[in-house]
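To convert, note that position 103 of the first sequence is 95 in this note's numbering; the numbers rise steadily by one, no gaps.
Working notes, structure below.
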Amino acid sequence: MPPAADLLAWYARQKRELPWRGETDPYRIWLSEVMLQQTTVATVGPRYARFLARFPTVEALAEAEWSAVAEEWAGLGYYARARNLHAAAKAVAGRGGFPRTAAALRELPGIGAYTSAAVAAIAFHEPVLPVDGNVERVMARLAAVETPLPAARPLLGRLAGGFMADPAARAVPGDFAQALFDLGATICTPRNPACALCPWMAHCRARKQGIQAELPVKPARKARPVLHGVHFLLRDASGAIGVRLRPAEGLFGGMWELPGTPWRDTPWSASEAMPHAPAQGVNWREADGLASHALTHRELALRLLVGRVAALPPGLTALGNEAGMPTVMRKLLALE
DNA sequence: AACCCGGGGTA
DNA sequence: TACCCAGGGTT
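In structure tokens, the structure reads:
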């Protein structure tokens, strides 16, 4: 196993300057970790500051209305994160503060194996190592693990955890974890790793075999089915948009949407779509184009019908600010 | 173990 | 296009 001290020395010189680096408030560290789940540093940066400006403390977040949290999370994706964040904030505020161990943090909604270890290591200096995609990649290369993911995950986790036996890593678990993140993000990258700059180059078995760019082995991704839908943009006399809340669970759960048809694998004809209109007797005009939106497991192809009424029908909420809607809905609005 | 759940940047 | 990203939850 390569020396932790070599990586920490590299980190001291080459670490990225990030908005959440140097924070000691567990609330701020937790928020950064949740925002960063499957989301790039570049995307999170400005949204992190904006979220904290609106909800500066876990108590402020706990006391907020869901609609305010949803509005603040809009566009970040994986909206279950926001629902779990809100629920966890209420639990933490209710018990008077954050649990201080990974095992106890793990009990909070939206905090899994990775996030519990990350918060425990960074905020509370517990000698645990959070294993994210970066750490998995570094471990797979160091040990030349050719078993495909996700089957290799338990082994990669054990390899990572082994570093906590090194006193240098154990002394600063949060720094060591973030050093691994930075190594994966800037040197040990998915493609074209910059091995010549790596503090662990001499210890890397994949590098010795020349297979570093092939690891870790990941399964081929399946094709995404296309789902079709038709949505209705209805404005009242003041220009406000009629929206409705999606069910709390599932796709875009708890977020605002334009009323419309369900999403299905075949296109909708006009006569099929019309029963799903939010109001009758409206002179609907179809907007040009299509809102195409790619998700992890499907692709959406949505059409837009535009109409105007004096007053929105019951069941629709007037929304003045479209910024609080998921990106796919904003793409639809842009068709008008 | 397999699947669901967003959005954006990059080669 | 395809892949990746400081993953978690459900079945």
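For every residue, glycine included, the Cβ atom is placed at its ideal position computed from N, Cα and C.
Inter-residue CB distance, residue i and residue j (contact presumed, cutoff 8 Å)
i      : j      : result
Leu0   : Ala160 : 6 Å
Tyr291 : Val209 : Tyr is not the amino acid found at residue 291; the sequence shown has Glu there. 26 Å between Cβ atoms; not a contact.
Gly88  : Asn126 : With 8 Å as the limit, Gly88 and Asn126 do not qualify as a contact, their Cβ atoms being about 34 Å apart.
Arg75  : Val26  : Not confirmed; about 11 Å, so no contact.
Met321 : Tyr71  : Rounded, the Cβ-Cβ distance is 12 Å, inconsistent with contact.
Leu243 : Glu328 : At roughly 23 Å, the Cβ-Cβ gap does not stay under 8 Å, so Leu243 and Glu328 are not in contact.
Gly245 : His268 : With 8 Å as the limit, Gly245 and His268 do not qualify as a contact, their Cβ atoms being about 20 Å apart.
Leu23  : Phe43  : 7 Å
Gly149 : His117 : Wrong, their Cβ atoms sit about 20 Å apart, outside the cutoff.
Trp255 : His285 : So it is not a contact: roughly 11 Å between Cβ atoms.
Val84  : Val61  : Not a contact, Cβ separation roughly 15 Å.
Reduced DSSP category for residue i - H, G, I as helix; E, B as strand; rest coil
i       : result
Val218  : strand
Ile233  : strand
Ala1    : helix
Glu249  : strand
Glu15   : coil
Leu311  : strand
Arg199  : helix
Ala135  : coil
Ala332  : Only positions -7 to 328 of the chain appear in this structure, which leaves residue 332 out of reach.
Arg183  : coil
Arg213  : coil
Arg39   : helix
Arg238  : coil
Asp174  : helix
Met193  : helix
Met(-7) : coil
Pro159  : helix
Pro101  : coil
Pro270  : coil
Val84   : helix
Val164  : coil
Ala95   : helix
Glu328  : coil
Leu141  : coil
Ala72   : helix
Gln339  : The chain is shown only over -7 to 328; residue 339 falls outside these bounds and no answer can be derived.
Leu23   : helix
Gly89   : coil
Leu28   : coil
Ala34   : helix
Leu77   : helix
Val130  : helix
Leu44   : helix
Ala303  : coil
Chain-order list of residues whose beta-carbon lies under 6 Å from that of residue i (same chain, five-residue window excluded)
i      : result
Thr319 : Gly67
Ala198 : Arg133, Ala136, Gln204 and Leu207
Ala110 : Glu25 and Pro122
Val120 : Ala94, Ala109, Ala112 and Ala113
Arg145 : none
Opening and closing residue of the beta strand (DSSP E) in which residue i lies
i      : result
Thr319 : Run containing Thr319: none in the beta strand (DSSP E); it sits in the alpha helix (DSSP H), Thr319 to Leu325.
His285 : Ala283 to Ala286
Host alpha helix (DSSP H) of residue i (start-end)
i      : result
Ser263 : Ala262 to Ala265
Thr107 : Ala105 to Phe116
Arg8   : Counting along the chain, Arg8 falls outside any alpha helix (DSSP H), and DSSP gives it neither H nor E.
Val61  : Trp58 to Trp65
Gly153 : Arg145 to Gly153
Val55  : Looking at the sequence provided, one finds Glu at residue 55 rather than Val. Per DSSP, Glu55 belongs to the alpha helix (DSSP H) from Val50 to Glu55.
Residues bridged to residue i (per DSSP)
i      : result
Val298 : Leu225 and Arg277
Arg256 : His220
Spatial neighbours of residue i in its chain, beta-carbon cut-off 7 Å, leaving aside the 5 residues before and after
i      : result
Pro11  : Gly37, Tyr40 and Ala41
Arg227 : Ile233 and Arg300
Arg13  : none
Ala80  : Leu100, Pro101, Gly102 and Ile103
Cβ-heavy atom distance, residue i to the ligand MG, below 6 Å
i      : result
Val127 : Looking for the ligand MG in the displayed structure turns up nothing, as the structure carries no ligands at all.
Chain-order list of residues whose beta-carbon lies under 8 Å from that of residue i (same chain, five-residue window excluded)
i      : result
Thr16  : Ala115
Ala326 : Ala283
Arg20  : Trp12 and Leu44
Met317 : Ala66, Val235, Met247, Trp248, Glu249, Leu311 and Leu325
Thr107 : Trp22, Glu25, Val26, Gln29, Leu97 and Pro122
Thr139 : Leu147 and Val209
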